[in-house]
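Asker: Structure in structure tokens, see below.
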Amino acid sequence: MPYLSLAIWVPIVAGLAVLAVGRDRDAGAARWIALTGAIAGFLLTLPLWLHFDAGTSNMQFVERGEWIPRFDIHYFLGVDGISMLFVLLNSAMTLFVVWSAWEVIQTRVAQYMASFLIQSGLINGAFSALDGILFYSFFEAMLIPMYIIIGAWGGPNRVYAAVKFFLYTLLGSLLMLVALIYLYNASETFSILEWYGVPLSLGVQVLLFIAFFLSFAVKVPMWPVHTWLPDAHVEAPTGGSVILAAITLKIGAYGFVRFILPIVPDASRYLSGFVITLSLIAVVYIGFVALVQADMKKLIAYSSISHMGFVTLGFFLFSQLGVEGGLVQMISHGFVSAAMFLCVGVMYDRMHSRQIADYGGVVNTMPKFAAFMMLFAMANAGLPATSGFVGEFLVILAAVKANFWLGFTAATIMILGAAYTLWMYKRVIYGAIANDHVKALTDVNRREFWLLATLALLVLWMGVWPKPFIDVMHVSVADLLAHVARSKL
Amino acid sequence: MLTVNFSSVLPEIVVLCGACVILIADLFLSEARRHVSFWLTQIVLAAAAWGALATMQVLPATAFSGMVVDDMLADTLKFMTCVSVSLVLFYSRGYCAARGLFRGETFVLTLFALLGMMVMIAAGSFVTLYLGLELLALSLYAMVAMYRTSNVASEAAMKYFVLGALASGMLLYGMSMIYGATGSLDIAVVAKVLAAGQGNKTILLFGLVFVVSGVAFKLGAVPYHMWVPDVYDGAPTAVTLLIGTAPKLAAYAFMLRLLGVALGSLWFDWQGMLIVLAVLSMVLGNVVAIAQTSIKRMLAYSSIANMGFLLMGFLAANPNGYSAAMFYAIAYVLTSLASFGMVMLLSREGFEADQLEDFKGLNQRSPWWAFMMLLTMFSLAGIPPTVGFYAKFTVIQAAVDAGFVWLAVVAVMASLVGAFYYLRVVKLMYFDDATDTAPIAARADNRALLSANGLALLLFGMLPQPLLGVCVVALAHSGLL
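Protein chains in written order, with the numbering used here: chain P, 1 to 489; chain X, 1001 to 1481.
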């Protein structure tokens, strides 16, 4: 079975079906088709994990066919231990998003659901593409649904946020296009795997590094090109924030390990200090910025930037622990940030405010909700036995091995993360009931309960027993590091 | 004995005879039966398109003592111009009928313009090139001016005519210089003389500058672009649609035969000039387009920027670049047809949908047409999976291949600026509320063809190989690769 193609095209076809059938008057059909499509899409990705051979670093579930012979472009799909889990993560998140929007979205339901489904297929494509242009097509095309999602269902300042999001991301990716074309001219192929072996001089490598780096650093986002993210997160509807934080940021980090490290290894080593510095600035400085936010979504957005700084830090330590830690952190952050945004969404749907100051004493009226949010806040702060701990611990370990002070600085995330998350939690949830609106709150309904419960289970599973996640990466990461160590000069 | 090979010019003969027949037949038709002329024109176009395909042959041939060449490139482009003109007439039928432009003259002038394009496309000598160009230009001047009650249209026609005549003069002057230096007007002979290194270099370069200026004017490249926004904006949208589409294909052929073939040996000299034109067009076109409030003016500046991209592919001065530029021209024409088609679809009697504001809330009025316009805008912006992406991709690849990485970087930065104003149209359609709630009415054939056109942007965006292949094969079999 071509599972990867199915993972890409089933959601897209389901999205088109939703568009074709969905009517604004009767949104029920649109919701059910969307849910069916999302469930089918998710189930179809499960075999990827079940049938995955963790003993090899070769690409698995490979599909390869001629696509554009004029430029030797292939429809070339495959996953290894690095990318496989993200296909699953994305398909699972799409399911959560459709589920979370069930009665929350009331305007243009069909278009909303369809945007997410189509985007889900495109993201799966980006994670499994092994041809440069195929990757680029998915990478760019997924901007279109997100642009519409932010702009059409977002908050008051949505147009600004949507345009900023689009142009910022496009800026980076256009330079990547030039880099891809340059690599094609140097190697006569668009196959990413073949690019791993193309010799390149250091000067060329540095230029290619800059082009790729701009593209992926914007997407991650790294300091100082992160400014689009708080805007996009704050203005996007809950589903949009979830997908942005949980998935699209990961594509940026994924680009580092799929493109930058193996294709330009010498430049990567040459410039690793630069990237590590930027990552540490993100971890520490953005951590402080998160501390002073008054808007919950903005706080989580800054916390995402800080956590993603940890991921890039892990990658550029060039050690097994560091890269694996970064990858685990990516998956964990996918669960945790999605859960945090869903929590804010639950409160926003009731109060129509995201300002911390408007809340206080929520635990009195929403005890079940407060319990869930406590768990996710702890996970965001990196408490042991939650998924947030595993990745951070591995990266800090790798950092200490490389240099004590590096590890020391990185470890401040444990303190800062706890500070901003728990302080926000305290102000929103604890204390006396702040006002009549909080007094009138109702606790989570059944849909919300099971949504958060599922995520809570995932966070705990990954925190208590991360072995299944790490096992599949092992060999692929070792192979990646072998590529990084091999000079291409 | 001289044998005349009429099959080489079969499409031209069909169009010329058709135009004459319609000119006379239309006199005997009452206003209510005007659609007979319309359908006659469509039949002529179909016959000419068929003629272009039927006479296609693998080896290039010449006719009329080398005045006309019949190669695969010519037949391919002739076929495409016929299809494009046919779509133009379908899209503009309702628009013209509401403005008293649904007249025999429209059809006849359109056919003459098409004849001019075909002559340009198949030209084997400077004289034929020039004749075709003038036939095309004169027909277009008249068509812009045909909307007599509109002041802006008359003004646009005047500007177009004066500047066009100036450009023709420069072109002719340049051609005469080259004639003086090489002693021939025949493209193949000029190419041979130059390849042998003969001819006075000073005179040749002098002529080359004028020729490039003339070409740049016809393409609407900066700094010869001044007429483009005024003519696009002032002309009735139906005529804008015609000016903005098929002639770009003819202009490509014109450039290829003149610069690529005849003056191919001087590529190093014209490459530098084209770089300047390309950079200026891409940057200025995209930047100025941001400031526009009229969608027709915006699309005019977008066309200037797009011609810059086309030039970027062409200036690689190698087969790869020529085929990239050809693909770019085809993709641009396809997209341009859909974009102006949408403008006309939203227009109705007494109302021109020529302002950006008129697209507000289109998604509420009609999700389908909003989606078609979305595809058009993203295709112009060069975002996959639309054909516009591969157009940009091929020309950037050609530029990088020729060693101009910096030019590619300039181009992508310019298209980043361009993305802003295309996104604005999407924003108006999807994020804003509709102010105009009039239903969108159009003939069924118009709707079907415009939808097919929009979906073609997506289809060729996902499977571009057939079109890319056509460009390579056509050029290869024309002895140009």
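We treat Cβ as the ideally placed atom computed from N, Cα and C, and that holds for glycine. These numbers were taken from a predicted model, which means no experiment stands behind them.
I'd like to confirm the pairing. Which residues does DSSP put opposite P:ILE73 in its beta bridges?
Answerer: P:ILE68
Asker: At 9 Å on the CB atoms, spell out the chain X contacts of P:SER137, in chain order.
Answerer: Residues of chain X passing the Cβ test: PRO1384, PRO1385, PHE1389, GLY1461 and MET1462.
Asker: Output needed for X:LEU1101: all residues of its chain with C-beta closer than 7 Å, excluding positions within five of it in sequence on either side, in chain order.
Answerer: Around X:LEU1101: MET1146, TYR1147, PRO1236 and ALA1238.
Asker: Of all the residues that make up the segment 168 to 189 of chain P, which are near chain X by a beta-carbon distance shorter than 8 Å?
Answerer: LEU170, LEU171, LEU174, LEU175, LEU177, VAL178, ILE181, TYR182, TYR184 and ASN185
Asker: Determine, using beta carbons only, whether P:GLU103 comes closer than 8 Å to chain X.
Answerer: no
Asker: Among P:PRO265, P:ILE286 and P:ARG23, which one has its Cα closest to the Cα of P:VAL109?
Answerer: Sorting P:PRO265, P:ILE286 and P:ARG23 by C-alpha distance to the C-alpha of P:VAL109 places P:ARG23 at the top.
Asker: Using 10 angstroms around the beta-carbon of P:ILE305, count the other beta-carbons present and answer buried if the total reaches 16, otherwise exposed.
Answerer: buried
Asker: Are P:PRO11 and P:ILE118 close, meaning C-beta to C-beta below 8 Å?
Answerer: yes
Asker: In chain P, which residues lie with their C-beta within 7 Å of the C-beta of X:ASP1401?
Answerer: Taking a Cβ-Cβ cut-off of 7 Å, the neighbours of X:ASP1401 in chain P comprise ASN185, given in sequence order.
Asker: At which residues does the alpha helix (DSSP H) containing X:ASP1070 begin and terminate?
Answerer: Not the alpha helix (DSSP H): X:ASP1070 falls in the beta strand (DSSP E), residues 1068 to 1070.
Asker: Would you report the Cα separation of X:LYS1248 and X:VAL1279, rounded to the nearest angstrom?
Answerer: Their backbone Cα atoms lie some 19 Å apart in a straight line.
Asker: Inspect the beta-carbon positions of X:TYR1252 and X:ALA1325 and report whether they are closer than 8 Å.
Answerer: yes
Asker: Of all the options X:THR1081, X:TYR1091, X:ALA1025 and X:VAL1069, which has the alpha carbon lying nearest to the alpha carbon of X:ALA1452?
Answerer: X:TYR1091
Asker: Which residues, in chain order, does the segment 1147 to 1178 of chain X contribute to contact with chain P at a C-beta distance below 9 Å?
Answerer: Correct list: empty, as no residue qualifies.
Asker: The alpha helix (DSSP H) with P:THR409 in it runs from where to where?
Answerer: 404 to 429
Asker: In whole angstroms, give me the CA-to-CA distance for P:PHE469 and P:HIS333.
Answerer: 14 Å
Asker: Is there a C-beta anywhere in chain X that falls below 8 Å from the one on P:ILE148?
Answerer: yes
Asker: State the beta-bridge partners of X:PHE1351 as determined by DSSP.
Answerer: In DSSP, X:PHE1351 forms a bridge with X:ARG1348.
Asker: Ignore the nearest five residues each way along the sequence and tell me which others in P:ALA370's own chain have a CB closer than 7 Å to its CB.
Answerer: Taken in chain order, the residues that qualify are VAL362, VAL363 and ILE429.
Asker: Residue range of the alpha helix (DSSP H) that P:ALA114 falls in?
Answerer: If you look at P:ALA114, you'll find it in the alpha helix (DSSP H) that goes 109 to 128.
Asker: Pull out every residue of the segment 1349 to 1365 of chain X whose Cβ sits closer than 7 Å to any Cβ of chain P, in chain order.
Answerer: none
Asker: Tell me which residues share the same chain as X:MET1001 and place their Cβ nearer than 8 Å to its Cβ, disregarding the 5 neighbours each side in the sequence.
Answerer: Its pLDDT being 44, under 50, X:MET1001 is placed unreliably by the model, and nothing is read from it.
Asker: Within a Cβ cutoff of 8 Å, which residues of the same chain sit near X:GLY1169, ignoring the five residues on either side of it in sequence?
Answerer: Cβ within range, chain order: n/a, list empty.
Asker: By alpha-carbon positions, which one of X:GLU1134, X:SER1184, X:ALA1157 and X:THR1149 ends up nearest to X:GLY1124?
Answerer: X:SER1184
Asker: Please state if the CB of X:PRO1384 and the CB of P:GLU448 are separated by a distance shorter than 8 Å.
Answerer: no
Asker: Leaving aside the five residues before and after X:SER1176 along the sequence, list all residues of the same chain whose C-beta is less than 7 Å from its C-beta, in chain order.
Answerer: none
Asker: Taking only beta-carbon atoms, is P:ALA141 less than 8 Å away from chain X?
Answerer: With 8 Å as the cut-off, P:ALA141 counts as an interface residue toward chain X.
Asker: What three-state label does DSSP hand X:ILE1063 in the structure shown?
Answerer: One point to set straight first is that residue 1063 of chain X is Ala, not Ile, in the sequence displayed. If DSSP states are grouped into helix, strand and coil, X:ALA1063 belongs with the strands.
Asker: Cα separation between X:GLY1260 and X:SER1336?
Answerer: X:GLY1260 and X:SER1336: Cα-Cα distance of roughly 25 Å.
Asker: X:LEU1045 to P:ALA34, Cα distance in whole Å?
Answerer: 46 Å
Asker: For P:PHE404, count the other beta carbons within 10 Å of its own beta carbon; 16 or more makes it buried, fewer makes it exposed. Which is it?
Answerer: exposed
Asker: Entirely within the segment 1368 to 1433 of chain X and at least 4 residues each: give me those alpha helix (DSSP H) ranges in chain order.
Answerer: Complete alpha helix (DSSP H) runs here, min 4: 1387 to 1401 and 1405 to 1431.
Asker: Flag this pair as touching only if the segment 1417 to 1431 of chain X and the segment 148 to 164 of chain P have three or more C-beta atom pairs under 8 Å; answer yes or no.
Answerer: Yes: the two stretches touch, three or more of their Cβ pairs being nearer than 8 Å.
Asker: When burial is assigned at 16 or more other CB atoms within 10 Å of the CB, is X:LEU1059 buried or exposed?
Answerer: Exposed, by the Cβ-count rule.
Asker: Go through its chain and collect everything with a Cβ distance to P:PRO466's Cβ below 6 Å, but skip five positions before and after it.
Answerer: VAL390
Asker: Going straight from the alpha carbon of X:PHE1327 to that of P:LEU46, what length do you get?
Answerer: 42 Å
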